[in-house]
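The block underneath contains the structure these notes are about, expressed in structure tokens.
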Amino acid sequence: MPLFFILSGFVQSDSSKKNIVKFIIGKIKSLLVPFLFWGLLFCRNDNYAEWKDVLYASSLSLSYAKTFSPLWFLPCLFFLLLFLYRLRNLLMTILIL
């Protein structure tokens, strides 16, 4: 799995010039919307607890929901990219000062 994170970093464009709001909206559209679409599509519609497990987004909760459990990668990548965006901007600020 670490290989997928490394590969996604290689294909990540330089987003340090983007506004944080535009960056977050872009990542929601490209990572979280497909996660919710496929996760909720594969879960049974009659059980509310399974929908809640999909929204929790851990690998274990996705397997409880009997949905496509490899989807845990998408929300994890979303939060990692947000963290790296803030870290990059913080380091740029420190290095400029």
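Taking my numbering, the leading residue of the sequence shown gets 128, the next gets one more, and so forth. All C-beta atoms in this analysis are idealised placements derived from N, C-alpha and C, irrespective of residue type, glycine included. It should be emphasised that the depicted structure is a prediction, and the values quoted were computed from it without experimental measurement.
K154 classed as buried or exposed, judged by whether at least 16 other C-beta atoms fall within 10 angstroms: Looking up residue 154 in the sequence shown gives position 27. Label assigned to K154: buried.
Rounded to a whole number of angstroms, what is the C-alpha to C-alpha distance between L168 and L158? Here residue 168 is taken as the residue at index 41 of the sequence shown, counted from 1. Here residue 158 is taken as the residue at index 31 of the sequence shown, counted from 1. Approximately 16 Å, taken between the alpha carbons.
With a cut-off of 8 Å on the beta carbons, I'd call F150 and L198 a contact; round off their distance for me. Within the sequence shown, residue 150 is the residue found at index 23, counting from 1. Within the sequence shown, residue 198 is the residue found at index 71, counting from 1. Cβ-Cβ separation between F150 and L198: approximately 22 Å, too far for a contact (criterion under 8 Å).
Length-filtered (4 minimum) alpha helix (DSSP H) runs lying within the stretch 135–160: Qualifying alpha helix (DSSP H) stretches, in chain order: 147–154.
Taking the alpha carbon of P129 as the point to measure from, which residue in R213, L207, G166, K145 has its own alpha carbon closest? Stepping through the sequence shown from its first residue, residue 129 is reached at position 2. It is L207 whose Cα lies nearest to the Cα of P129.
Are the beta-carbon atoms of F200 and F131 separated by less than 8 Å? Here residue 200 corresponds to residue number 73 of the sequence shown, with the count starting at 1. Here residue 131 corresponds to residue number 4 of the sequence shown, with the count starting at 1. Their beta carbons are under 8 Å apart, which means F200 touches F131 by this criterion.
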